[in-house]
Amino acid sequence: EAGVTQFPSHSVIEKGQTVTLRCDPISGHDNLYWYRRVMGKEIKFLLHFVKESKQDESGMPNNRFLAERTGGTYSTLKVQPAELEDSGVYFCASSSWTSEYEQYFGPGTRLTVT
Amino acid sequence: QQQVKQSPQSLIVQKGGISIINCAYENTAFDYFPWYQQFPGKGPALLIAIRPDVSEKKEGRFTISFNKSAKQFSLHIMDSQPGDSATYFCAASSTGGYQKVTFGTGTKLQVIP
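Which chain is which? The protein sequence lines are A and B, in order.
So the first sequence is residues 1 to 114, counted in my numbering.
So the second sequence is residues 115 to 227, counted in my numbering.
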């Protein structure tokens, strides 16, 4: 069974540019989460999808961040326009309804905004 | 506000020794406490988890001790091995509502031969 995959693994962009991160959850997992770790700090929750619906987006920093999960499969997280403080590692995780508390994480996308 | 506090930030243990990482939480609504292990270049992987109705859970060399009244829990790694060198995150979530995980700041463990 393939794990959670994320693309790209690294992205370096200039302040003001747009970046789109992609997450492919484990097949059949209805729950999809986005988290972010800023250097040296804790991993913080951004939002939670159940299928294509946003269940909880309380962790989204501001309206420069837009997450989508069309069709309830893969998800994208767009940052537009990027700011320096958006730099960090963005993790995606997924879980199934049968073991919804066991979240499986992807390898993350390291975003650097210069 | 840090809802899950983790210490130490880094830890060096000799091979065969015991590694101990401590965490404390504030939100009494938390009722699921997982520990994640992360190797460089990889995402966090669920290592072991506990619910507050038990005071201890053991899986192989890894043991979680849980003190509900003190709102503290800890991870013990017995007979630590160089392959255990990784970053460990304690975490907490509330199973009654949304399942978002609140993480500690992480402990970088190095096991030296």
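C-beta: ideal position from N, C-alpha, C; glycine also.
The distance from the Cβ of F65/A to that of L77/A is about 7 Å, consistent with a contact at the 8 Å cut-off. By alpha-carbon distance to A138/B, the top candidate from K172/B, R165/B, F180/B, G130/B is F180/B.
CA-CA distance, G106/A to Q128/B, rounds to 30 Å. L21/A places its beta carbon less than 9 Å from that of T109/A.
Distance from the Cα of T216/B is smallest, within the candidate group L46/A, G3/A, T5/A, for L46/A. The continuous beta strand (DSSP E) containing K172/B extends over residues 170 to 173. For the 9 Å CB-CB criterion, K15/A and A93/A do not form a contact.
The residue from D193/B, N141/B, G157/B with its alpha-carbon nearest to that of V118/B is N141/B.
Looking at the backbone, the Cα of G220/B and that of G157/B are separated by about 13 Å.
Beta-bridge partners assigned by DSSP to P148/B: A163/B.
E173/B counts as exposed, since fewer than 16 other beta carbons sit within 10 angstroms of its beta carbon. Of all residues in the segment 34 to 58 of chain A, only K41, E42, I43, F45, H48, Q55, D56 come within less than 7 Å of chain B when Cβ atoms are compared, listed by chain position. Leaving aside the five residues that flank D86/A on each side, the residues in its chain whose CB is nearer than 7 Å to its CB run, in chain order, V79, L111, V113. At a cut-off of 9 Å between beta-carbon atoms, N31/A makes contact with chain B. What G108/A touches in chain B, judged by beta-carbon distance under 7 Å, is G157, going in chain order. Taking a contact as a CB-CB distance under 8 Å, the pair D193/B and G130/B counts as one, their CB atoms being some 6 Å apart.
For G220/B, the nearest beta carbon of chain A is closer than 9 Å to its own beta carbon. Residue pairing from DSSP places A200/B in a beta bridge opposite L223/B.
G88/A is positioned such that its CB atom lies closer than 9 Å to that of R36/A. With a 10 Å radius around the Cβ and a threshold of 16 neighbouring Cβ atoms, N63/A comes out exposed. Excluding its 5 nearest sequence neighbours in each direction, A67/A has C-beta neighbours in its own chain below 8 Å: W34, L46, L47, F49, K54, E57, M60, S75, T76, L77, K78, listed in chain order. Residue pairing by DSSP places H29/A in no beta bridge whatsoever.
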